[in-house]
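**Student:** Chains as they are written, first to last, in our numbering: chain R, 1 to 250; chain S, 1 to 166.
A virtual CB, placed ideally from N, CA and C, is assigned to each residue, including glycine.
Note that the coordinates shown come from a computational prediction; the quantities given were computed from them, not determined experimentally.
Just dropping this structure here.
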Ligand SMILES: [Zn+2]
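Following this line, the structure appears as structure tokens:
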């Protein structure tokens with residue numbers, strides 16, 4: 001088994017799984033019917049993409065593990081998502097801010113991943129790009145509506161961006177496994193995306209009459225399995241059924 | 001290399017045509033363009049299907065329905081889910097577009113017009129109730145991943161629009 005490739009795939013997929021779970025929490029709790037449906041639709045897209053990645057990862061392990069085992073039965077430190085996506089739905093501005101900061105990255109990333117010489121990863125990327133373009137439209141639209149809205153919505157949107165900013169730099173970190181997979185022409189060198197990312201984000205923030213935070217300190221750790229306290233609670237929800245009734249299906 | 005060509009054994013076509021999309025029952029899966037190939041090999045029908053959207057929950061049901069339809073006519077089958085080439089709304093047949101409209105779902109516009117209605121507030125989508133184009137976007141996301149919500153400002157009908165995917 002190609003252990004580096006396995007780890008690399010989890011690095012992509014875990015981001016979407018955890019973000020999808022966060023968005024799923026809004027099902028029936030969104031601020032309005034339309035935004036509720038939008039967030040859960042985005043969640044569904046992400047889960048669909050995740051299934052393709054985990055099915056591929058399961059095939060690579062060759063040890064009979066299924067996509068469900070990978071999604072449901074790992075321990076907290078075995079998840080390698082970035083810290084950004086596990087941050088809670090503090091308020092709608094946070095939900096949108098988190099989505100926006102991830103979507104801009106996600107689309108840049110997939111645009112490169114479609115050039116991968118791994119045909120499976122390239123196919124998943126091509127399929128996902130179409131969906132993620134819609135996600136980015138949705139989140140950018142809302143950043144603008146809230147940022148350029150009332151004094152209160154503006155302040156909330158600015159607070160969310162300021163609060164989440166510390167988690168953005170980690171998107172561009174590479175693990176040792178990442179570096180090897182990149183050198184094999186399979187993975188994406190995320191360090192090359194950083195400049196475009198920040199200029200794109202700044203441009204959209206400016207349109208939304210928001211300030212781009214002046215960064216000094218960035219949090220990291222998710223890619224190495226070291227998470228914020230929020231992930232444990234999320235996983236206890238996500239894994240509850242499989243832990244309580246092992247192997248249950250419906 | 002991947003191609004967008006379809007390989008359907010002509011004698012299997014009428015059987016597959018009978019299988020409908022679980023979320024839009026008036027529409028055959030053949031009219032949706034999700035079946036990319038169906039060929040008989042050593043007494044087994046090998047079928048390749050492709051999802052409209054990654055998270056489309058209908059794909060498992062479609063796979064099962066195809067298996068059943070083929071079995072009812074005496075064929076064993078294997079279903080394979082493929083991702084490349086990615087599905088596009090261009091693969092919906094003219095008959096399929098008509099069925100969508102009759103069902104109350106506005107068929108996808110071309111990519112340029114789609115962008116106009118979803119991003120720039122243009123009024124181009126035809127109301128499925130009164131055919132007026134005096135319609136507006138209510139939400140980019142609708143009852144399923146593939147649709148957006150619209151409302152007609154003439155007859156007030158709320159309806160789904162099938163988003164263009166290319
Ligand atoms: Zn009307």
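1) Comparing the CB of residue 157(S) with every heavy atom of ligand 1, is any distance shorter than 8 Å?
2) If you follow the alpha helix (DSSP H) that residue 161(R) is part of, which residue opens it and which one closes it?
3) Would you call the CB atoms of residue 153(S) and residue 135(S) closer than 9 Å?
4) Alpha carbons only, please: which of 45(S), 57(S), 88(S), 73(S) is nearest the one belonging to residue 80(S)?
5) In angstroms with no decimal places, state the Cα-to-Cα distance between residue 133(R) and residue 102(R).
6) Note down, in chain order, every chain S residue with its Cβ under 8 Å from the Cβ of residue 34(R).
7) Out of 155(S), 92(S), 131(S), point me to the one whose CA is closest to residue 33(S)'s CA.
8) Can you give me the C-alpha to C-alpha distance between residue 225(R) and residue 79(R), rounded to a whole angstrom?
9) Under 8 Å: does the beta carbon of residue 160(S) sit that close to some heavy atom of ligand 1?
10) For residue 22(R), count neighbouring Cβ atoms within 10 angstroms of its own Cβ and tell me buried if that reaches 16, exposed if not.
11) Excluding the five sequence neighbours on either side, which residues of its own chain have a C-beta within less than 8 Å of the C-beta of residue 58(R), listed in chain order?
12) Hey, is residue 3(S)'s beta-carbon within less than 9 Å of any beta-carbon in chain R?
13) Less than 6 Å between C-beta atoms, sequence neighbours within five positions excluded: which residues of the same chain meet that for residue 219(R)?
14) For residue 152(S), return the contacting residues in chain R, with the cut-off set at a CB-CB distance below 9 Å.
15) Just tell me which of 122(R), 1(R), 113(R), 212(R) has its CA closest to the CA of residue 202(R).
16) My understanding is that residue 87(S) touches residue 50(S), with C-beta atoms under 8 Å, so please give their C-beta distance in whole angstroms.
17) Could you work out which residue in 118(S), 72(S), 28(S), 143(S) is closest to residue 164(S) when comparing CA atoms only?
18) So, for residue 145(S): in the same chain, excluding its five sequence neighbours on each side, which residues have a beta-carbon less than 7 Å away from its beta-carbon?
19) List the residues that DSSP assigns as beta-bridge partners of residue 76(S).
20) So, are the CB atoms of residue 99(R) and residue 47(R) less than 9 Å apart?
21) Could you check whether the Cβ of residue 148(R) sits closer than 9 Å to any Cβ belonging to chain S?
22) Output needed for residue 238(R): all residues of its chain with C-beta closer than 6 Å, excluding positions within five of it in sequence on either side, in chain order.
23) Here's the rule: buried if 16 or more other CB atoms are within 10 angstroms of the residue's CB, otherwise exposed. What is residue 39(R)?
24) How far does the alpha helix (DSSP H) with residue 237(R) in it extend, from its first residue to its last?
25) What whole-angstrom Cβ distance do residue 312(R) and residue 3(R) have, given they're in contact under 8 Å?
26) Please compile the residues from chain R whose C-beta is within a distance smaller than 7 Å of the C-beta of residue 106(S).
27) If you draw a straight line from the alpha carbon of residue 128(R) to that of residue 110(R), how long is it in whole angstroms?
28) Considering only heavy atoms of ligand 1, does any lie closer than 8 Å to the CB of residue 102(S)?
29) Spatial neighbours of residue 209(R) within its chain, please: CB distance less than 8 Å, with the 5 preceding and 5 following residues excluded, ordered by chain position.
30) Classify residue 106(R) as helix, strand or coil using the three-state DSSP reduction.
31) Around the C-beta of residue 30(S), are 16 or more other C-beta atoms found within 10 angstroms, so that it is buried, or is it exposed?
32) Under the assumption that residue 171(R) contacts residue 143(R) (Cβ atoms under 8 Å), give the Cβ distance between them as a whole number of angstroms.
33) Given this structure, state the Cα-to-Cα distance separating residue 50(R) from residue 95(R), to the nearest angstrom.
34) Can you round the beta-carbon distance between residue 251(R) and residue 112(R) to whole angstroms, since I take them to be within the 8 Å contact cut?
35) Thinking C-alpha only, which one of 75(S), 35(S), 90(S) is nearest residue 7(S)?
36) By the 9 Å beta-carbon criterion, what residues does the region 26 to 45 of chain S contribute toward chain R?
**Tutor:** According to the structure data:
1) yes
2) 151 to 164
3) yes
4) If we check each option's Cα against that of residue 80(S), 45(S) comes out closest.
5) 12 Å
6) 138, 139, 141, 149
7) 92(S)
8) 6 Å
9) no
10) A buried status is given to residue 22(R), since no fewer than 16 other beta-carbon atoms sit within 10 Å of its beta-carbon.
11) 65, 66, 67, 69, 70, listed in sequence order.
12) With a pLDDT of 49 at residue 3(S), under the threshold of 50, the modelled position of this residue cannot be trusted, and the question is left open.
13) Closer than 6 Å at the Cβ level, and outside the excluded window around residue 219(R), lie 83, 166, 167.
14) Those within 9 Å of residue 152(S) in chain R number zero; the least Cβ separation is about 17 Å.
15) Nearest C-alpha to residue 202(R): 212(R).
16) 5 Å
17) 118(S)
18) Closer than 7 Å at Cβ, skipping near neighbours: 53, 55, 56.
19) 44(S)
20) no
21) no
22) Exclusion of the five residues before and after residue 238(R) leaves 21 as the residues of its chain whose Cβ lies within less than 6 Å of its Cβ.
23) buried
24) 230 to 244
25) Chain R is shown only over 1 to 250; residue 312(R) falls outside these bounds and no answer can be derived.
26) Those within 7 Å of residue 106(S) in chain R number zero; the least Cβ separation is about 17 Å.
27) 7 Å
28) no
29) 147, 148, 154
30) Helix, per DSSP.
31) Label assigned to residue 30(S): buried.
32) About 17 Å separates the two Cβ atoms, so there is no contact after all.
33) 20 Å
34) Because residue 251(R) is not part of the residues shown, which for chain R are 1 to 250, the question remains open.
35) 35(S)
36) Against chain R - using a Cβ distance shorter than 9 Å - the region 26 to 45 of chain S contributes no residues.
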